[in-house]
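J.: Residue numbers (my numbering): 7 to 507.
Please find one structure pasted underneath; my questions will follow.
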Ligand SMILES: C[S@@+](CC[C@H](N)C(=O)[O-])C[C@H]1O[C@@H](n2cnc3c(N)ncnc32)[C@H](O)[C@@H]1O
């Protein structure tokens, strides 16, 4: 990193702009194309900043004291330097794929190609990791597009024979034999409003709180000729959560899914990713696990989750056929969002009790037994919900659980809870609250939800409302959950394994 960073600093100190500085960093390490992609790439993704005091820079471009041991460069006050830019990267979904992962995806994608193999494309190529991995694998014609000029300049130096253009990945173009890449992941709250509106117009099949990765991945696969292949690094959530189900349904119906792995970590971000390889236009065909496409399509959520094995969909179907859903016997909703147009949470939520204030907790406080106080003023809140959701005795479920076991407890104190909780208020007179907590937290239910809806569960109201429950169980106090679900020893063990036990 030192060599690339020194070149950047020297060019910038001579008055060069960010573009010139990044180019000289890339040229300084040009004999090692992966160093260009990764080291000059890191500089391309940094912000061009001016030091307000003497400082040191680490190889990751974090600012430290000028004499800190981790510093590899010293910047004097008033001098330009490249500053690591976490929020800018998140807004653009700019996270570059490490060499091993890019090579692995390219190898698996090439195995999936039928017929000629002349053209390879990455529509959001960034600093060029996939372009270089495709070039190494011997694909003769390589094409890349991205919107980030600095990243593109790095890619041009790393893979000089590739044809690299500034262009929008969401535009259609001529078909290619192979498309490999890692599309930008940008959650709805970080997306530009106008762009989101435009995407809804162009892709009317998009639904709900879609991440930008969904239209990007759809268009990327559409760029591949029939029999060619696409290999993508996807956020694992897009493979299992409801917002990606439309994309997954399209894929399973049209293409042959030839590799599916994950969840696995990705350097520099806290999310986990999945690797997906599809042969274009030759589906539907069985998944790598042997699960039949028609079985998977029978599940509303179409989870593309390596956890799913042959036989699982039959088990889900048999449980569904003997049960109703919790949502038909109870009101299930998320808690309130206390901040709003008229100010932050701070103006409504307090540590002290005062007349008129209601007890309040977010999930963390609720399960730690801590309570605060809220001025319940619907007009000042984003999503106030209703006192009728909070005042009756109810069950509170922690919404985000990931790998962990489900957390739920009874509340008999009329606690107003925040949106990190899901609330269950029984409508059916026989729905006993303590027994309901036992059901919601039962590992067999958690295993069932993980099979049906993906192994990283977030217990949004839709998920909690989908919990299977039978009228027999309601009227038979001693009935176990395994009896209610009609499980054999084998299927019970399957659900326990799925629950991670
Ligand atoms: C996760 S990065 C991946 C970069 C590269 N493919 C890799 O794996 O190393 C996503 C890239 O998408 C680019 N991007 C975001 N919106 C784009 C758009 N509309 N068209 C083309 N590229 C875009 C960002 O600039 C960023 O380089």
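Note that the Cβ used here is the ideal one computed from N, Cα and C, for glycine as well.
Since the model is a prediction, treat every value here as computed from it, not as a measurement.
1) Using three-state DSSP, classify residue 83 as helix, strand or coil.
2) Which class does residue 20 belong to by DSSP, given the choice of helix, strand or coil?
3) Are the beta-carbon atoms belonging to residue 147 and residue 125 less than 8 Å from one another?
4) What are the boundary residues of the beta strand (DSSP E) that residue 433 is part of?
5) Looking at residue 465: is its Cβ nearer than 8 Å to the Cβ of residue 503?
6) Looking only at its own chain, which residues have a Cβ that is under 7 Å from the Cβ of residue 107, when we skip the five neighbours before and after it?
7) Tell me where the beta strand (DSSP E) around residue 279 begins and ends.
8) Quick one: what's got a C-beta closer than 8 Å to residue 434's C-beta in the same chain, skipping five residues either side?
9) In three-state DSSP terms, what is residue 321?
10) Name the residue from 67, 451, 151 whose alpha carbon lies nearest to the alpha carbon of residue 326.
11) Which residue marks the beginning of the beta strand (DSSP E) containing residue 184, and which one marks its end?
12) Spatial neighbours of residue 274 within its chain, please: C-beta separation below 8 Å, excluding the five flanking residues on both sides.
13) Out of 412, 340, 37, 368, which one is the CA nearest neighbour of residue 394?
14) On the criterion of 16 or more Cβ atoms from any shown chain inside 10 Å, does residue 167 qualify as buried, or is it exposed?
15) Just verifying my parser: in three-state terms, what is the DSSP assignment at residue 53?
16) Quick one: what's got a C-beta closer than 7 Å to residue 262's C-beta in the same chain, skipping five residues either side?
17) Within 7 Å: the Cβ of residue 274 and any heavy atom of ligand 1?
18) To the nearest whole angstrom, what separates the beta carbons of residue 500 and residue 321, a pair I think is in contact under 8 Å?
19) Within the region 397-472, note down every full beta strand (DSSP E) run reaching 3 residues or more, in order along the chain.
20) In this structure, what does DSSP give as the bridge partners for residue 147?
21) Determine the closest residue to residue 329 out of 227, 472, 73, with distance taken between C-alpha atoms.
22) Which residues does DSSP list as the beta-bridge partners of residue 337?
23) Classify residue 249 as helix, strand or coil using the three-state DSSP reduction.
24) Could you tell me whether the Cβ atoms of residue 129 and residue 103 are closer together than 8 Å?
25) Taking 7 Å as the line, does the beta carbon of residue 193 fall inside it for any heavy atom of ligand 1?
26) Expressed to the nearest angstrom, what Euclidean distance is found between the alpha-carbon atoms of residue 360 and residue 367?
27) Beta carbon of residue 87, beta carbon of residue 137: below 8 Å?
28) Report buried or exposed for residue 417, applying the criterion of at least 16 other Cβ atoms within 10 angstroms of its Cβ.
29) Out of 293, 319, 294, 314, which one is the CA nearest neighbour of residue 304?
30) Identify every run of the beta strand (DSSP E) within the region 362-403, keeping only runs that are complete inside it and at least 3 residues long; order them along the chain.
31) Do residue 78 and residue 7 have their C-beta atoms within less than 8 Å of each other?
32) To the nearest angstrom, report how far apart residue 293 and residue 213 are at their CA atoms.
33) Can you give the Cα-Cα distance for residue 54 and residue 252, rounded to whole angstroms?
34) Using only CA atoms, which one of 385, 438, 461 lies nearest to residue 482?
35) If you measure between the beta carbons of residue 218 and residue 192, is that distance less than 8 Å?
36) Taking 7 Å as the cut-off, is the CB of residue 133 close to at least one heavy atom of ligand 1?
T.: Taking the definition as stated:
1) Here residue 83 carries a coil assignment [DSSP, helix/strand/coil].
2) coil
3) yes
4) No beta strand (DSSP E) contains residue 433, which DSSP labels as neither H nor E.
5) no
6) If the five residues before and after residue 107 are omitted, its C-beta is found closer than 7 Å to the C-beta atoms of 239, all from its own chain and listed in chain order.
7) 275-285
8) 335, 336, 480
9) helix
10) Proximity to residue 326 across 67, 451, 151 peaks at 451, based on C-alpha coordinates.
11) 182-187
12) 101
13) Looking at the Cα atoms, 340 is the closest of the given residues.
14) exposed
15) strand
16) 284, 285, 288, 289, 291
17) No - ligand 1 has no heavy atom lying nearer than 7 Å to the Cβ of residue 274.
18) 7 Å
19) Unbroken beta strand (DSSP E) runs of no fewer than 3 residues, entirely contained in the region 397-472, are found at 400-404, 406-408, 414-417, 427-432, following chain order.
20) 125
21) 472
22) Residue 337 pairs with 431.
23) The answer is helix: DSSP assigns residue 249 an H, G or I state.
24) Against a cut-off of 8 Å, the Cβ pair of residue 103 and residue 129 comes out as no contact.
25) no
26) The alpha-carbon separation between residue 360 and residue 367 amounts to approximately 16 Å.
27) No.
28) buried
29) 319
30) 364-367, 378-380
31) yes
32) 25 Å
33) One C-alpha to the other measures close to 40 Å.
34) 438
35) yes
36) yes
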